[in-house]
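These notes concern the structure reproduced below.
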Amino acid sequence: MSGKLDLTDRDSVHRFIGRNTKLLAPPLVPEIVLHLAAESLPIWQKTEDELGEMNVPPPYWAFAWAGGQAIARYLLDNPEICRGQAVLDVGTGSGIAAIAAAKAGAKKVVASDVDALALASCGLNAEANAVSIKITAADVLDAPPGGENVVIIADLFYERALAERVLGYISNAKAKGSTVLIGDPQRGYFPKGLFARLAEYQVPVTRELEDAEIKRTAVWRA
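For the sequence shown, my numbering begins at 15 and goes up steadily by one.
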């Protein structure tokens, strides 16, 4: 064995997540626990060492980003949004928003991500919170929206090309009748003046990854 992580081996992936994270509650959402990295550099380095040749994305799934925390807080505080509804969480990462939707009473929650480690983490996090979530590796941004009642998008406006794809998907999802909720601290490619602000939070984040220890973050409706 080369010591490299085998993404097709479920047990190996779960061990990698377990070795490099701890079950922690995000500051804004203490009702939820997630497998999170206590520090950013070690898991970034581990991912590069073991998976760099496979072009696996950085371990975004190992952190509770501001947009995800904000939208999770909003859904838990307003459970009527998801109660009895079909919900899709696009680019789920750790699964924090999907877990919040399930806790709020959604009848079905699908969490999508193109990162296999993110999906494995999301599955473990769902188990840790005793909720049922379906995970999918499909790139939903390339497919027609499925007509879910609620679509959740958090922290996806950090790259231009991705932001353009997300905006196209939001437009199509709205045309299908979905309620689209966005959690975002207005990152670099967040569209100004396009969405309606529903709530705002001061979200504690890690200074290693962000430009401040507290990120002013809003939940928006498309």
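Just so you know, even glycine gets a beta-carbon here, dropped at the ideal spot from N, CA and C. Just so we're clear, the structure is a prediction, and the values are computed from it rather than from any experiment.
Here cysteine 96 is near leucine 89, since their CB atoms are less than 7 Å apart. Excluding residues up to 5 positions away in sequence, Tyr203 lie with their Cβ nearer than 7 Å to the Cβ of glutamate 173 in the same chain. With a cutoff of 7 Å on beta-carbon distance, valine 123 and alanine 115 are scored as near each other. Looking at the DSSP output, glycine 197 bridges to Ala168 and Val233. Here leucine 133 has Asp127, Ile149 and Ala151 as same chain residues with Cβ atoms under 7 Å from its own Cβ, once five neighbours each way along the sequence are excluded. Judged by DSSP in its simplified three-state form, glutamine 216 adopts strand. Looking at the backbone, the Cα of alanine 168 and that of leucine 65 are separated by about 25 Å. Apart from sequence neighbours up to five positions away, the residues of its chain that approach leucine 38 with a beta-carbon distance below 6 Å are Leu50, ordered along the chain. Contact annotation: the segment 41-59 does not touch the segment 176-195, with fewer than three C-beta pairs closer than 8 Å. Out of Leu176, Ala111, Pro71 and Ser185, the CA that lies nearest to the CA of glycine 160 is found in Ser185.
Here the alpha carbon of tryptophan 234 sits roughly 23 Å from the alpha carbon of aspartate 156. Put simply, of Gly81, Phe30 and Val70 the residue whose alpha carbon is nearest the alpha carbon of proline 40 is Gly81. Short of 8 Å from the beta carbon of alanine 226, and not among the five residues preceding or following it, lie these beta carbons of its own chain, in chain order: Val219.
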